[in-house]
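Student: Residue numbers for the sequence shown follow our numbering, so the first one is 67 and each next one is one higher. After the structure tokens below, expect a handful of questions from me.
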Amino acid sequence: MNLETYLTLDGSKTLYSKKFQEHYHSKNGAFTESQHIFIDLGFKFIEKPKINILEIGYGTGLNAIMTYKTNEKNPKKVLYHGIEKFPITNETFKDMGYIEYFNLTAQESIMFSKDWDKSLKISQNFKLLKQNVDFLNFIPKINYDLIYFDAFSPDTQAEMWTYEQLQKIINRLSVNGVFVTYCSRGDLKRNLRSLGMDLKRFSGPPGKRHIVRAIKH
Ligand SMILES: C[S@@+](CC[C@H](N)C(=O)[O-])C[C@H]1O[C@@H](n2cnc3c(N)ncnc32)[C@H](O)[C@@H]1O
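Here you go:
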């Protein structure tokens, strides 16, 4: 098995990829990291009534599930488009414990983990498209308001973080659109600035000194 479940310090599970030798989330807390970076600094920051989200690296679906659950409390019309080259199996999805923790219905669990390459209506306010494609070959066709960039780290997969790969998605970001990621390396920040993004620094989740939120001007 290439993937192993791993218990993080906040009690939530993540995956460890033997192929990439990297965890899917912070070992200090998968839920805590996802909440802080993607939900609090990303999703909650967007004030529009309709939000198109692009996620690079759909993985376990945790960011998608947390976005869905957050949206249910104060609904906006969300279109969530996740990109993933290596979808996990349904068995692995069940092993994560997210179904129980987030109290997902059988129907919701199926939609977050199966039925790739179809537009799925999870609720009146939340549409999900999980696209099984290599990000390097992905060509965005619509505009987005928010990008969750959750690829493996630049040390592991430098090809995902190149100027050209970032450019192709940032070109599709609306004005005032937001790009969030867990990485705060200098070369990423330089690339984002030269692509017309304003950067702001925030404290990171446990174990990470700071992260950046980038806004398109
Ligand atoms: C850090 S993990 C993402 C964690 C995920 N957001 C979650 O909440 O579980 C990185 C993901 O990128 C995927 N990935 C690796 N190479 C890729 C590629 N070339 N194109 C698309 N996805 C890729 C991996 O399979 C993995 O699911």
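Glycine is no exception: its CB is placed at the ideal position from the N, C-alpha and C atoms. As the structure is a prediction and not an experimental result, all values here were calculated from the model.
(1) Within 10 Å of its beta-carbon, does Ala224 have 16 or more other beta-carbons around it, so buried, or fewer, so exposed?
(2) Among residues of its own chain, excluding the 5 on either side of Leu69, which ones have a beta-carbon nearer than 8 Å to its beta-carbon?
(3) Hey, is Phe192 close to ligand 1, as in C-beta under 7 Å from one of its heavy atoms?
(4) Taking Gly163 as the reference, give the member of Tyr72, Ser92 and Lys207 with the closest Cα.
(5) Can you give the Cα-Cα distance for Lys180 and Asp221, rounded to whole angstroms?
(6) Can you list, in chain order, the residues of its chain whose CB lies under 8 Å from that of Asn137, leaving out five sequence neighbours each side?
(7) For Ala217, which three-state DSSP category applies?
(8) In chain order, which continuous runs of the beta strand (DSSP E) of length 3 or greater are located wholly inside the region 152 to 234?
(9) Quick one: give me the first and last residue of the alpha helix (DSSP H) that Ser260 is part of.
(10) Taking 7 Å as the line, does the beta carbon of Lys282 fall inside it for any heavy atom of ligand 1?
(11) Got a sec: does ligand 1 put a non-hydrogen atom nearer than 7 Å to the Cβ of Gly40?
(12) With a threshold of 7 Å, establish whether the CB of Lys135 neighbours any heavy atom of ligand 1.
(13) Let's see if you can read the secondary structure: which residues bound the beta strand (DSSP E) around Ile122?
(14) Are three or more beta carbon pairs between the region 98 to 116 and the region 261 to 280 nearer than 8 Å?
(15) Using the C-alpha atoms, what's the distance from Tyr90 back to Ser175?
(16) Using 7 Å as the cut-off, classify the Cβ of Leu212 as near or not near the heavy atoms of ligand 1, replying yes or no.
(17) Between Tyr146 and the rest of its own chain, which residues show a CB-CB distance below 6 Å, the 5 nearest in sequence each way excluded?
Tutor: With the structure as the only source:
(1) exposed
(2) Leu81, Tyr82, Ser83, Lys84, Ile154 and Thr158
(3) For Phe192, the CB stays at least 7 Å from every heavy atom of ligand 1.
(4) Comparing Cα-Cα distances from Gly163 to each of Tyr72, Ser92 and Lys207, the minimum goes to Tyr72.
(5) 30 Å
(6) Closer than 8 Å at Cβ, skipping near neighbours: Phe109, Val144, Asn191 and Phe192.
(7) coil
(8) 185 to 189, 192 to 198 and 210 to 215
(9) For Ser260, the uninterrupted alpha helix (DSSP H) run begins and ends at Gly252 to Ser260, by DSSP.
(10) no
(11) One cannot answer for residue 40 here, as it falls past the ends of the chain, which runs 67 to 283.
(12) no
(13) Taken as a continuous stretch (DSSP letters only), the beta strand (DSSP E) holding Ile122 covers Lys116 to Ile122.
(14) yes
(15) 19 Å
(16) no
(17) Excluding its 5 nearest sequence neighbours in each direction, Tyr146 has C-beta neighbours in its own chain below 6 Å: Ile119, Ala130 and Leu194, listed in chain order.
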